[in-house]
């Protein structure tokens, strides 16, 4: 890394893909942390210069803080060598993917990272890859939507905040995948949704067809369920053991049997694809005609007994050298198996979308320059709630891109803005969404500022965390971004909170990004009268009363309506509904009313004092002019006129100049 440029290389020993990345990052390394979250590492390797003399660099500290429990190792800086990196790429890359050489030729930082990684894997993990056997890809962030790690966590995209083992997440409610590769691809897409409209539309066509053709859908599910983890299998096939042992020999035989089973599945899989009309499945159908599949199958059958399935007891092996030679022949043609792995993963992910759509009555979204959702439903709540969640509309466009949402606690503000982002992610990964109608604008970056507590690790208060997060948004948001902020300013006093929120709102609303801003500061709703692109919405509540007129309870409708909330003191109202003792609540009401009255009295006194001060100054100046003035009549008239203007300026909004008069000049 240098001058904000980050180079990254990663490999999963169970998945034979070397992923290279290089990108510019901010001073707080948001993209780097997000990329690491996507990769889900078990070990992170950095140059020893990142921790010189016991002093961590900023990136090193961020990585160790964010990924606690994950081993972070350092190796000598000399192993981060871009020349060695490009040699590894040329030597190990499968011919089908050798275009990556052109992509990374000038990406020196990711090549340096690749060199250190492959050296580390070779000597520390005892993993040696056969020449020309590794899939190597370069990934940028140009065609994906960036969701930072903090947002992914707070939105519960992958992990439930209350119970990490729960599947009450966006991933959990649409994961009906049958293969490990499909599940991995789904996870990656949720964290980095594509923003290429052609890719999204192609996926939608598949989902639409699978939901319409029930027989094809169930047949596809059955076939996918019989596939093994192809990536893991390929990883075993291309690694060369440092030393041949009985165990390595047995592993070779087992892998060949599994590979034989996988290739035998291709015929049924291809026929299932042929039953579909969409362009993506047609392309996959054609790619599975690759003659190398037949070649590999015939080579395996010439060495292994045709009846061998999963048990070595059915084998009729000739010699171990023949098996080694067979694996070498398979590696020469392994490119087609990588294509098969990709095809199975994508098809599995899309059938998972189709499954989710049929279970919950989802609709195919459109993509325009407007965000418009009719009766949208929260996808996670819909799955886990006993009662159906209340549907709500969403609208944002270029001329109405800043939405301020008010309402009492528990009325649904936070749930609503989270719902907007979850539906945006679903739409962009190619899935249908829970709504009657939906139109989305492709977004390049999703920003969230959702309530947070103090961070003891970084010695940051709630307010400091708020300011750090909102600063990141203001510096990086573009005209194509989607922003949600929830109760900004709660970490400081009400006066400061209003001022800060007002300034930030004015900054954000001038951009073309779509912003949804929930707040308790009703003063912010005045922005609607100042800016034509600001809209006020609120969540309705109503009150029920006993026969004697006393309020009985608050009823939350969770319905979004135009305008600002009319509710006041809803914190006290909420306290009444809780198990808090009634005596405490009544005392709180008295204290609150007393504070309000005192505040009003202070304001009235301040008005009166300001008026008296202005009157006193005016009177003093008039007396001084009468006593000491040597001005002629015209000069005196001008001086008195200036005193009059000063007087009006001092009293400002307190007095109405039209009702004031001075003695005739």
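Residue numbers (the working numbering): 63 to 727. C-beta atoms are modelled at their ideal positions from N, C-alpha and C, and glycine is treated no differently.
Check	Outcome
Counted within 10 angstroms of its Cβ, other Cβ atoms place residue 82 as buried (16 or more) or exposed	buried
CA-to-CA distance, residue 68 to residue 111, given in whole angstroms	15 Å
Separation of residue 490 from residue 504, as counted between CA atoms	7 Å
C-beta atoms of residue 418 and residue 338 nearer than 8 Å	no
Local Cβ density within 10 Å of residue 142, reported as buried at 16 or more and exposed below that	buried
Within 8 Å, strictly: CB atoms of residue 269 and residue 415	yes
Cβ-based burial, residue 297 [other Cβ within 10 Å; buried from 16]	buried
Collapsed DSSP secondary structure at residue 553 in the structure displayed	coil
Host beta strand (DSSP E) of residue 329 (start-end)	Unbroken run through residue 329 is the alpha helix (DSSP H), 328 to 336; no beta strand (DSSP E).
Cβ distance (whole Å) where residue 549 is taken to contact residue 580 below 8 Å	6 Å
Proximity test, residue 201 beta-carbon vs the ligand FMN heavy atom, cut-off 7 Å	The model depicted lacks the ligand FMN and carries no ligand whatsoever.
Sequence-distant residues of its chain with Cβ nearer than 7 Å to residue 709 (five each side left out)	676, 680
Any 3 or more C-beta pairs closer than 8 Å across the region 523 to 537 and the region 229 to 245	no
Extent of the continuous alpha helix (DSSP H) run through residue 73	Here residue 73 belongs to no alpha helix (DSSP H); instead the beta strand (DSSP E) covers 67 to 74.
Chain B contact for residue 240 (CB, 8 Å cutoff)	No chain B appears in the structure shown, which is made up of a single protein chain.
Contact belief for residue 508 with residue 207 at Cβ below 8 Å, rounded distance in angstroms	6 Å
C-beta contact flag for residue 395 and residue 358 at 8 Å	yes
Buried or exposed (CB count within 10 angstroms, at least 16 for buried), residue 653	exposed
Spatial distance of residue 443 from residue 449 (CA atoms)	9 Å
Boundaries of the alpha helix (DSSP H) in which residue 436 is found, first to last residue	From DSSP, residue 436 is part of no alpha helix (DSSP H) but of the beta strand (DSSP E) over 433 to 438.
One or two residues paired with residue 117 in a DSSP bridge	114
Inter-residue Cα distance where the pair is residue 202 and residue 308	43 Å
Residue from 366, 306, 254, 420 whose Cα sits closest to the Cα of residue 279	420
Residue range of the unbroken alpha helix (DSSP H) whose run includes residue 281	276 to 286
Candidates 71, 240, 128, 712: closest to residue 169 by CA position	71
Touch test, the region 390 to 407 against the region 209 to 226, Cβ-Cβ under 8 Å, three pairs minimum	no
DSSP beta-bridge partners of residue 191	301
At least three beta-carbon pairs within less than 8 Å, the region 618 to 626 to the region 463 to 479	yes
Alpha carbon of residue 101 to alpha carbon of residue 134, nearest angstrom	15 Å
Unbroken alpha helix (DSSP H) run spanning residue 537, endpoints	524 to 538
Through-space distance from residue 599 to residue 585, alpha-carbon basis	14 Å
Under the three-state DSSP convention, the category residue 617 falls into	strand
Simplified DSSP state of residue 471, which is helix, strand or coil	coil
Bridge-paired residues (DSSP) for residue 181	Note: residue 181 sits in no beta bridge, so no partner.
Integer-rounded CB distance, given that residue 197 should sit under 8 Å from residue 137	No, residue 137 and residue 197 are not in contact; Cβ-Cβ is about 24 Å, not under 8 Å.
Residues sharing a beta bridge with residue 605, DSSP	616
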